[in-house]
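A.B. asks: I have a structure here, written as structure tokens, and I will follow up with some questions on it.
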């Protein structure tokens with residue numbers, strides 16, 4: 032079990048390193064694969080031993096090996112955060128297609144949430160990763176019609192809200208909803224929308240009470256949508272219980 036946990040941590044560290052690259056390059060419109068990883072300060076291409084997750088950062092003291100410029104601490108937080116998250120998500124669980132899909136979905140939902148929170152924008156490239164995960168989900172037994180139904184039940188309401196909002200809601204939230212719905216079914220999609228709205232209202236009220244935002248300030252919706260969708264993806268029993276208690 033200890034070796035299994037270590038494997039999950041290592042997988043999380045590697046994933047965190049890739050997500051840090053995505054978070055750094057996507058806002059600048061750069062390719063995720065070209066050019067090769069390099070120091071932002073001196074431009075030197077990084078070698079294999081400069082790219083070992085966590086170990087390289089700690090061994091080099093958080094500085095570039097070639098010019099000694101400080102490295103972005105975001106890299107460290109991404110790697111450590113994802114390593115710890117994978118260990119928690121996989122705790123006591125044997126490797127399986129569902130577990131790896133859970134890791135995959137969690138990783139890109141965190142990326143989308145962080146980037147929308149910082150940039151107020153949902154990037155199409157990150158949504159392509161979600162669609163790729165949905166194809167994996169379909170390959171391992173998910174119902175095609177339930178996936179399509181989940182996509183429509185989550186995406187169509189936000190598409191209508193987008194049309195009525197006159198630009199106050201970004202279209203990225205709509206495409207995100209259609210993509211997330213592929214991992215859910217109709218019941219969980221409807222509950223995702225409800226739960227995400229509650230989370231957004233609660234967060235907004237808290238920030239206004241603390242004087243951190245005003246009523247008309249834009250509020251990124253993707254973090255709440257991703258949080259609700261992931262919770263209901265890993266806990267489908269909650270959706271069933273909700274509809275049994277309140278609708279039947």
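Residue numbers (the working numbering): 32 to 279.
Heads up, the beta-carbon is just placed ideally off N, CA and C, and yes, glycines get one too.
Return the bridge partner residues of residue 69 from the DSSP annotation.
C.D. replies: 76, per the DSSP bridge assignment.
A.B. asks: Could you tell me whether the region 216 to 223 touches the region 254 to 273, where touching means 3 or more Cβ pairs closer than 8 Å?
C.D. replies: Verdict: yes, contact present.
A.B. asks: For residue 101, list the residues DSSP reports as bridge partners.
C.D. replies: Residue 101 is bridged to 94.
A.B. asks: Can you tell which of 177, 205, 236 has its C-alpha closest to the C-alpha of residue 194?
C.D. replies: Of the candidates 177, 205, 236, the residue whose Cα lies closest to the Cα of residue 194 is 205.
A.B. asks: With distances taken between CB atoms, is the gap from residue 115 to residue 135 smaller than 8 Å?
C.D. replies: no
A.B. asks: Between residue 155 and residue 203, what straight-line distance do the alpha-carbon atoms span, to the nearest angstrom?
C.D. replies: Distance from the CA atom of residue 155 to the CA atom of residue 203, rounded to whole angstroms, is 8 Å.
A.B. asks: With a 10 Å radius around its C-beta and 16 neighbouring C-beta atoms as the bar for buried, classify residue 98 as buried or exposed.
C.D. replies: The residue in question, residue 98, is exposed, as its Cβ has fewer than 16 Cβ neighbours within 10 Å.
A.B. asks: For residue 176, count neighbouring Cβ atoms within 10 angstroms of its own Cβ and tell me buried if that reaches 16, exposed if not.
C.D. replies: exposed
A.B. asks: Just to confirm my understanding: we take residue 58, look at its own chain, exclude 5 residues before and 5 after, and list those with CB closer than 6 Å. What are they?
C.D. replies: 150.
A.B. asks: Starting from residue 254, trace the alpha helix (DSSP H) in both directions and tell me its first and last residue.
C.D. replies: From DSSP, the alpha helix (DSSP H) with residue 254 extends over 253 to 265.
A.B. asks: Classify residue 61 as buried or exposed, calling it buried when 16 or more other Cβ atoms lie within 10 Å of its own Cβ.
C.D. replies: exposed
A.B. asks: Once you ignore the five residues that flank residue 234 on each side, which residues in its own chain have a CB closer than 8 Å to its CB?
C.D. replies: 250, 255
A.B. asks: Quick one: Cα of residue 153 to Cα of residue 133, how far?
C.D. replies: Between the C-alpha atoms of residue 153 and residue 133 there is a straight-line separation of about 21 Å.
A.B. asks: Alpha carbon to alpha carbon, how far is residue 213 from residue 223?
C.D. replies: 12 Å
A.B. asks: Measuring only the C-alpha atoms, how far is residue 120 from residue 141?
C.D. replies: 14 Å
A.B. asks: Which word fits residue 53, buried or exposed, when buried means at least 16 other C-beta atoms lie within 10 angstroms of its C-beta?
C.D. replies: buried
A.B. asks: Can residue 51 and residue 144 be called in contact, C-beta distance under 8 Å?
C.D. replies: no
A.B. asks: Provide the residue span of the alpha helix (DSSP H) that contains residue 164, from first to last.
C.D. replies: 155 to 170
A.B. asks: From this set, 273, 240, 86, 215, which residue's C-alpha is nearest residue 257's C-alpha?
C.D. replies: 215
A.B. asks: Could you tell me if residue 185 is buried or exposed, where buried requires 16 or more neighbouring beta carbons within 10 angstroms of its beta carbon?
C.D. replies: Under a 10 Å Cβ-count criterion, residue 185 is classified as buried, with 16 or more other Cβ atoms of the shown protein chains found around its own Cβ.
A.B. asks: Buried or exposed: which applies to residue 160, given that a residue is buried once 16 or more other Cβ atoms fall within 10 Å of its Cβ?
C.D. replies: buried
A.B. asks: Out of 131, 240, 167, 260, which one is the CA nearest neighbour of residue 209?
C.D. replies: For residue 209, the closest of 131, 240, 167, 260 by C-alpha to C-alpha distance is 260.
A.B. asks: Quick check: what's the CA-CA separation for residue 40 versus residue 243?
C.D. replies: Roughly 35 Å separates the two Cα atoms.
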